[in-house]
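Peer 1:
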Amino acid sequence: MAILLEQLLNGLTIGSFYALIALGYSMVYGVMKLINFAHGDLFALGSYMGYTLLVWSAGAISQRFGLWGGMAAALLFSFFAVGCVGVLMERIAYRPVQKSGRLPLVVSALGASIFIENLIMAIWGPRYQAYPASVVPVHTISLGLFNITAMQLFILILSFMLMLILYYIVQKTTFGAAIRATALDREMATILGIDVGKITLFIFFLGPALGGMAGVMNGMYYRQISFVMGWNYGLKAFTATILGGIGNIPAAMLGGLLLGLIEMLGAAYISSAWKDVFTFLILIIILIFRPTGLIGEKIAEKV
Amino acid sequence: MRKPKAFTWFCLCLVLLFALIAGHEAVAQEKPIKIGLQAPITGQWAYEGEMAKNSVEVALQMIEEKGGILGGRKIEIVIADDASNPRDSALAAQRLVSQRVAAVIGTYGSSVNEPAADIYEANKMIDIGYGSTAVKLTMAKERKYFFRTCGRDDVQGEFFSEYAVGTMKARRIAIMHDNTTFALGVAEEAKRALKQYIDAGVAQLVFYDAITPGEKDFTPILTKLRETNPDIWYFTGYFPEAGLLVRQGRELGIKCPFVGGNAAINEDFVKIAGIEYAKGCLMTQEPMPTDLDTPKAKRFLELYRQKHNTVPTSPWPVYAADALFALTWAIDKAGSTDTDAMLKVLRTGMEGCEGITGSIAFTDRGDRKGIIYKMYAVTDKGEMVVYKP
Amino acid sequence: MNKRKKLNLPLLLVIVFFCVYPFFSNFYWIDVAFFFGVYALLGLSLNIVLGETGLFDLGHAAFYAIGAYITAILNTSFGIPIIWLLPVSALAAGLFAYIVTSPIIHLRGDYLCVVTIGIGEIVRLALINNPFKLTGGPNGITGIMRPSFGLFAIDTSIKFYFYVWGILAVFIICLIRLQRSRIGRAWNYLREDEIAAEMSGIDVRHFKLLAFVLGAALAGVAGNIYASKLMIVSPDTFTFLESSLLFCIVMLGGLGSIPGSVLGAGIITIFPEIFRVVANYRMLFFGGALVITMIFRPGGIWPRKREIMALQADEVNNAKDGVKILKAIDPIATTNVPASKDPSVFEKHILITDKLTMTFGGLIAVRDLDLVVGHGKITSIIGPNGAGKTTVFNVVTGIYKPVSGKVYFEGKDITGLKPHQIASMGIARTFQNIRLFPNLTCIENVMAGLHCKMKSYVVSSILRTDTQRTEEKWAFDTAEYWLAKVGLGDMGNELAKNLPYGKQKMLELARALSSMPRLLILDEPSSGLNDKETEDLMIFLENILDELDISILLIEHDMNLVMGISHWVVAMDMGMKIAEGKPSDIYNHPRVIEAYLGREE
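Chains as they are written, first to last, in numbering that gives the first Met the number 0: chain G, 0 to 302; chain V, 0 to 388; chain Z, 0 to 600.
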């Protein structure tokens, strides 16, 4: 029983990473109908940004502001830095291509992804890097039946908070309504006076920024980062987006958490080596029976 | 009809450009001694490729310090990137063949080495592998021109099993790998060597499974491992995962000794696992440069540290450097870059050739002779010393 | 039909160059050219799926892998010669594609994308995990033999070069033929607009599967050739990155463009080789290059050019003669004598609905509708917006399955049949928001209607048999006739999207009529037309009613048109029939007025 709870906890933690990245995918897809393949690499970039801040400042920030202060600094730094990169990417790689249709956008996204991944390698080198142990809390808390590490708790709390905030913004505010309107019908939104440019700016800042934060959290949790880490997470997060129903932001969060759980349970009770096969099979089966994802997207097609 | 015509001409121009470049290469002449280095400069194993390149360059510097070969002739290293995939490997091999290098050092990864080795064989070019340990490479078919300075999966695997059961008196053995060619190879050989003990009723294989490389969360498989209550845990994969495994495993309560293969434990491993978990970990390793008293090893480390502020974090780059030593020895002794003469030396004339990892000599199948494995342990300071049980 | 091609000098030069190239180059560049050939095959194979048919496939490397591994396993375990394994690889890959894509073929764009990624990953991981010890695990399988024709073995770089380019040349010819046939057009139709294609009589599901199977088979061939050259297959060749590269090949070259795919393959293979000088930054440049290409050349570097099909205007000027020509040469329409349970009923009514009900979620769009369409007459359905009129059309034509009730056409129960089946039985329709195939020419648009009347399939299209050629000519002539009939005779080679609105409506009409339907369903045919155009339309409809054995059912808001040409009018409101009768009766019907204008207080 304790083991099951442990696995569930791990599944939720991994799922949080997926969920945060999936949010970015979903937002961008909703507004631009683009699968931003570069998103996973932005996650990796965030991880490196946090690492850079912590290591190059030689732990000075941690010393001055304490452990949690150092982490907060890394998170914020990554949030803003990657957000800016996201906006830049949209300007350079996506906006000029958008008028040409969806498929060229995909190729552009693939190109951007390869570019960013290799940029990371060019700047930071191909070696694996590690978040130093001194900047990360390492205590474990015992909660009766099972243990939870401080990092895990922190990640879960922070991720859920972020998701709640985003959910609130998207579903309950006027601005969120504008986002959803733009996602449904961009042209109509423009006609109605919605500043689509501002919405795009917001989306391409926030999505990557969240992904960047997830990258820092990931780096702090596992302490190991490399320039290839983006691809795997990106693919899983994309899968999670589809699982929930693309274009639907709350669904993406759910898809991410669910995917984390499925993966962990698959690894635990089926086999580690076949874990990913299992995950993809589940996805395919779900899509066969619910072609628009578990929760489903909100797009209607008039005949 | 304008557009298509323009494009057809455009394509023709592209094709001509391509031909010009191709033709130009075909005619290139060489004067210094060219030695090829095939390595993964880009791609998943880029860091290995980078270290290999650096190591070979340091080795070259050491050779030139000693006056070079053939009366001081210049040696040029020609690098071919194989990006760790078979297709690019074949192309890289072809490229080096076309550039008429004297011999090749390469490459990293057995499945990547295979097509390259075939091409070198077909073109009668000597290839010394430095990061390909699959038994198949030298045993599956006759390869006159293929050698390797690194060990072989079976030797390492056997060593582990014998040491674990014989010296450490472990009864319940757990073996974990990551489904890559190298790790699986060593794991399979360890399993095979264990069989005699299993049959004699002296030991049991309680766990044999693979993790997925590139992943970070191993708690499910580690939980399974914990439940099998092993006496010793052998992981044959690479240090990024090894570091995570040890940390997560210890946090989950796995207490038995952790033994890594020779790709699992290094400086980066200590960083990733954290010193509190890394200390006390063991590994099966050929003699480390830091261990060897040879002047070459000391000089190599010194120079490498000077240039790159660190030392190679895996064994393979050091083997690449040794391959250069072997080749230059052969050229020097043969008096020329004639392949047959070089071959003769490599086969029978290696007496006295000293590399960073010790004396270099080859079996009649091209494998490295005399690789002895030892069990090493990580100290409190994160250094690796010979283990005394 | 197609102009005799003048001797294409640039093409000839390129061919000559390819033939002599190996003799003045070195082995390295010959090998690069070999891989160019393999990737050209792969690019073409994905082009069928992605380019022609518009299916978002990002897992194509899976089929490549199947072909390579089948070759490897059968060759190393059983010693079967490589050459025999060429067709076996194609078959295995095609079969695999059929099995895995059948359950998911209905998925839309991005969902299909993720599923194909999933399939690619599943195959790769399965290969690594070495199930049943078949695949050799991460090491792969070594010791694959070289191909040989008896004593002549293909074992040098030059021989492999000619081998792959020879095979490629054969496939290019086959693909070009396929592209210009009924099959190729069907793929393009479904890429442009799936619903319109289905309504024109194309079995969309079947053609999507066909695209996947053929694409996979060709990839399987590439796999076989690759395996026999490298003599080893391993899972790290068949990654998602590989599938993405194939995707980029098709996009760089130009969707649906055969020379484009070959060119794209060339760029993908040669570009990284040229940039080896900047070794570490090679991929950086590559990524950047992809983005830049999409900014400046999103249509690809060599986009598909729709063929100019020559029109012979003189033959089709006289309408009456035209009808005779049609009746004489249309082999199928005249032989399709419908059976009927109650001939007398059928004589009078060509379409009958019986208590037809359709709901969407909680909304009842159509409620217990009994509709009757007279044979050889024009029946109009009128009613305020939201009355359910288009829904009725969609149910009758098979786009929706009704919750209850039945639809009878010519006495046969067509309830729940798929749209393409209904279309081939003799019903054709136009749409409220025009559904043309925008990037195809007008004549190609019209030819869509003829798809279900033609029979030639893959093999006969590739071989260009006599039957196929006659059929193609017949289809072309018929389409030409109808284009002229609607007044678009000189626009045959224009792309449909370039036409003004009014003409687009007529084009849609021509497409519907080309299949000689016995029931023509028109959804607001006059919307967007001015008075003059509406008048012309009225005259046109009355004419075809006289000339052909046809009945017309239409939805309209324009009362002039309704009153002008209808024989029978049905009024609907809130999903129900509220009145029906002759036009003059309905015009003053109080219920009808109430529905449109509201009750008088």
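Virtual Cβ for every residue (Gly too), placed ideally from N, Cα, C. This structure is a prediction, so every number in the text was calculated from the model and none was measured.
By the DSSP assignment, the alpha helix (DSSP H) with residue 99 of chain V in it spans what residues?
Peer 2: For this step, residue 99 of chain V is matched to residue 100 along the second sequence. Per DSSP, residue 99 of chain V belongs to no alpha helix (DSSP H) and is neither H nor E.
Peer 1: For residue 323 of chain Z, count neighbouring Cβ atoms within 10 angstroms of its own Cβ and tell me buried if that reaches 16, exposed if not.
Peer 2: For the purposes of this step, residue 323 of chain Z is taken as residue 324 along the third sequence, with counting starting at 1. Low confidence applies to residue 323 of chain Z: its pLDDT is 46, below 50, so where it sits in the model is not reliable enough to give any reading.
Peer 1: Looking at residue 410 of chain Z and residue 518 of chain Z, is the spacing between their C-beta atoms short of 8 Å?
Peer 2: Walking along the third sequence from the start, residue 518 of chain Z turns up at place 519. Walking along the third sequence from the start, residue 410 of chain Z turns up at place 411. No.
Peer 1: Which ranges does the beta strand (DSSP E) cover as unbroken runs of at least 3 residues, wholly within the segment 132 to 161 of chain G, from first to last along the chain?
Peer 2: 139 to 142 and 145 to 148
Peer 1: Would you report the Cα separation of residue 92 of chain V and residue 119 of chain V, rounded to the nearest angstrom?
Peer 2: For the purposes of this step, residue 92 of chain V is taken as the residue at position 93 of the second sequence. For the purposes of this step, residue 119 of chain V is taken as the residue at position 120 of the second sequence. Computed Cα separation, rounded: 7 Å.
Peer 1: Rounding to the nearest angstrom, what Cα-Cα distance links residue 339 of chain Z and residue 543 of chain Z in this structure?
Peer 2: For the purposes of this step, residue 339 of chain Z is identified with residue 340 of the third sequence, where counting begins at 1. For the purposes of this step, residue 543 of chain Z is identified with residue 544 of the third sequence, where counting begins at 1. For residue 339 of chain Z, the pLDDT reaches just 40, beneath the cut-off of 50, and the residue's location in the model is therefore unreliable, although a value from the coordinates is still provided. Rounded to whole angstroms, residue 339 of chain Z to residue 543 of chain Z spans 25 Å at the Cα level.
Peer 1: Using only the alpha-carbon positions, how far apart do residue 178 of chain Z and residue 457 of chain Z sit?
Peer 2: Numbered from 1 along the third sequence, position 179 holds the residue referred to as residue 178 of chain Z. Numbered from 1 along the third sequence, position 458 holds the residue referred to as residue 457 of chain Z. Residue 178 of chain Z and residue 457 of chain Z: Cα-Cα distance of roughly 10 Å.
Peer 1: Which of the residues in the segment 93 to 116 of chain V, read from start to end, lie with their CB under 9 Å from any CB of chain Z?
Peer 2: 93, 94, 95, 96, 97, 98, 108, 109, 110, 111, 113 and 114
Peer 1: Using the Cα positions of residue 218 of chain G and residue 129 of chain G, report the straight-line distance between them to the nearest angstrom.
Peer 2: Counted from its first residue, the first sequence places residue 218 of chain G at position 219. Counted from its first residue, the first sequence places residue 129 of chain G at position 130. Their Cα atoms are separated by approximately 8 Å.
Peer 1: For residue 274 of chain G, which residues in chain V fall below 7 Å Cβ to Cβ?
Peer 2: Taking the first sequence and counting its residues from 1, one reaches residue 274 of chain G at position 275. For residue 274 of chain G, the residues of chain V that pass the 7 Å Cβ criterion are 211, in the order they occur in the chain.
Peer 1: Where does residue 336 of chain Z land, buried or exposed, given buried means 16+ other C-beta within 10 angstroms?
Peer 2: Numbered from its first residue, the third sequence carries residue 336 of chain Z at position 337. No answer about residue 336 of chain Z holds up, because its pLDDT of 37 lies below 50 and its placement is not dependable.
Peer 1: Since residue 131 of chain Z meets chain V, which of its residues come closer than 7 Å, beta carbon to beta carbon?
Peer 2: Locating residue 131 of chain Z in the third sequence gives position 132, where the first residue counts as 1. Per Cβ cutoff of 7 Å: no residues; residue 131 of chain Z is ~16 Å from chain V at best.
Peer 1: Hey, how far is the Cα of residue 48 of chain Z from the Cα of residue 170 of chain Z?
Peer 2: Sequence index remark: in the third sequence, residue 48 of chain Z carries index 49 (1-based). Sequence index remark: in the third sequence, residue 170 of chain Z carries index 171 (1-based). For residue 48 of chain Z and residue 170 of chain Z, the distance between alpha carbons rounds to 15 Å.
Peer 1: Is the shortest distance between the beta-carbon of residue 137 of chain Z and the beta-carbons of chain V less than 8 Å?
Peer 2: Locating residue 137 of chain Z in the third sequence gives position 138, counting from the first residue. Residue 137 of chain Z counts as touching chain V.
Peer 1: Hey, is residue 105 of chain Z's beta-carbon within less than 8 Å of any beta-carbon in chain G?
Peer 2: The residue you call residue 105 of chain Z lines up with position 106 of the third sequence. At least one chain G Cβ lies under 8 Å of residue 105 of chain Z.
Peer 1: Got a sec, what are the start and stop residues for the alpha helix (DSSP H) residue 229 of chain G sits in?
Peer 2: Residue mapping note: residue 229 of chain G aligns to position 230 of the first sequence, counting from 1. Where residue 229 of chain G is concerned, the enclosing alpha helix (DSSP H) stretches over 228 to 243.
Peer 1: Just the chain G side, please: which residues come within less than 7 Å of residue 220 of chain V by C-beta, in chain order?
Peer 2: As a first step, residue 220 of chain V is located in the second sequence; it is residue number 221 there, counting from the start. Chain G residues near residue 220 of chain V: 266 and 271.
Peer 1: Using the rule of at least 16 other Cβ atoms within 10 Å of the residue's Cβ for burial, across every protein chain shown, is residue 109 of chain Z buried or exposed?
Peer 2: Along the third sequence, read from residue 1 onward, the residue named residue 109 of chain Z stands at position 110. The residue is buried, with at least 16 neighbouring Cβ atoms inside 10 Å.
Peer 1: Pairs of beta-carbons, one from the segment 372 to 383 of chain V and one from the segment 126 to 145 of chain V, closer than 8 Å: are there three or more?
Peer 2: no
Peer 1: Count the other CB atoms, across all protein chains shown, that sit within 10 Å of the CB of residue 316 of chain Z; report buried if there are 16 or more and exposed otherwise.
Peer 2: As a first step, residue 316 of chain Z must be located in the third sequence, where it is residue number 317. Because residue 316 of chain Z carries a pLDDT of 37, less than 50, the predicted location of this residue cannot be relied on, and the following value inherits that uncertainty. Under this definition residue 316 of chain Z is an exposed residue.
Peer 1: Using a Cβ-Cβ cutoff of less than 7 Å, which residues in the same chain neighbour residue 283 of chain V once the five nearest sequence positions on both sides are dropped?
Peer 2: Counted from its first residue, the second sequence places residue 283 of chain V at position 284. Cβ within range, chain order: 155, 158, 159, 258, 260, 261, 372 and 374.
Peer 1: Per DSSP, what are the beta-bridge partners of residue 305 of chain V in this structure?
Peer 2: Along the second sequence, one-based indexing puts residue 305 of chain V at 306. According to DSSP, residue 305 of chain V bridges with nothing at all.
Peer 1: Could you check whether the Cβ of residue 116 of chain Z sits closer than 8 Å to any Cβ belonging to chain V?
Peer 2: What you label residue 116 of chain Z is simply residue 117 of the third sequence in a count that begins at 1. Chain V contact via Cβ: absent.
Peer 1: What does a CB cutoff of less than 8 Å around residue 283 of chain G pick up in its chain, not counting 5 residues either side in sequence?
Peer 2: Against the first sequence, residue 283 of chain G aligns to sequence position 284. Contacts found: none.
Peer 1: Within the 8 Å Cβ cut-off, does residue 139 of chain G reach chain Z?
Peer 2: The residue labelled residue 139 of chain G in the question sits at position 140 within the first sequence. No, because no Cβ of chain Z sits closer than 8 Å to the Cβ of residue 139 of chain G.
Peer 1: If you measure beta-carbon to beta-carbon, which residues of the segment 205 to 225 of chain G are closer than 9 Å to chain V?
Peer 2: 217, 220, 221, 222, 223 and 225
Peer 1: Here's the rule: buried if 16 or more other CB atoms are within 10 angstroms of the residue's CB, otherwise exposed. What is residue 168 of chain Z?
Peer 2: By one-based count along the third sequence, residue 168 of chain Z stands at place 169. By the 10 Å Cβ count, residue 168 of chain Z comes out exposed.
Peer 1: For residue 10 of chain G, count the other beta carbons within 10 Å of its own beta carbon; 16 or more makes it buried, fewer makes it exposed. Which is it?
Peer 2: As a working note, residue 10 of chain G is residue 11 in the first sequence. The residue in question, residue 10 of chain G, is buried, as its Cβ has 16 or more Cβ neighbours within 10 Å.
Peer 1: Rank Z/44, Z/164 and Z/567 by C-alpha distance to the C-alpha of residue 371 of chain Z and give the top, closest one.
Peer 2: As a first step, residue 371 of chain Z must be located in the third sequence, where it is residue number 372. Selected option, being the one with the closest Cα: Z/567.
Peer 1: For residue 147 of chain V, return the contacting residues in chain Z, with the cut-off set at a CB-CB distance below 9 Å.
Peer 2: Sequence index remark: in the second sequence, residue 147 of chain V carries index 148 (1-based). Those within 9 Å of residue 147 of chain V in chain Z number zero; the least Cβ separation is about 16 Å.
Peer 1: DSSP state of residue 220 of chain V, grouped into three classes?
Peer 2: As a position in the second sequence, residue 220 of chain V is number 221, starting the count at 1. In the structure shown, residue 220 of chain V sits in a helix (DSSP, three-state: H, G or I).
Peer 1: Measure the Cβ-Cβ separation of residue 210 of chain V and residue 220 of chain V and say whether it is below 8 Å.
Peer 2: Within the second sequence, the letter at position 211 stands for residue 210 of chain V. Within the second sequence, the letter at position 221 stands for residue 220 of chain V. Cβ atoms of residue 210 of chain V and residue 220 of chain V: closer than 8 Å.
Peer 1: Can you name the residues of chain Z whose CB is closer than 7 Å to the CB of residue 84 of chain V?
Peer 2: Numbered from 1 along the second sequence, position 85 holds the residue referred to as residue 84 of chain V. Under the 7 Å cutoff, chain Z gives 235 and 236.
Peer 1: Unbroken alpha helix (DSSP H) runs of length 4 or more, entirely within the segment 304 to 367 of chain V: which are they?
Peer 2: You should have 315 to 333 and 338 to 347.
Peer 1: Answer with yes or no whether the minimum CB distance from residue 116 of chain G to chain V is below 8 Å.
Peer 2: Here residue 116 of chain G corresponds to residue number 117 of the first sequence, with the count starting at 1. Cβ-Cβ to chain V under 8 Å: no for residue 116 of chain G.
Peer 1: Whose CA, out of Z/590, Z/218, Z/195 and Z/36, lies closest to the CA of residue 432 of chain Z?
Peer 2: Walking along the third sequence from the start, residue 432 of chain Z turns up at place 433. The candidate whose alpha carbon is nearest that of residue 432 of chain Z is Z/195.
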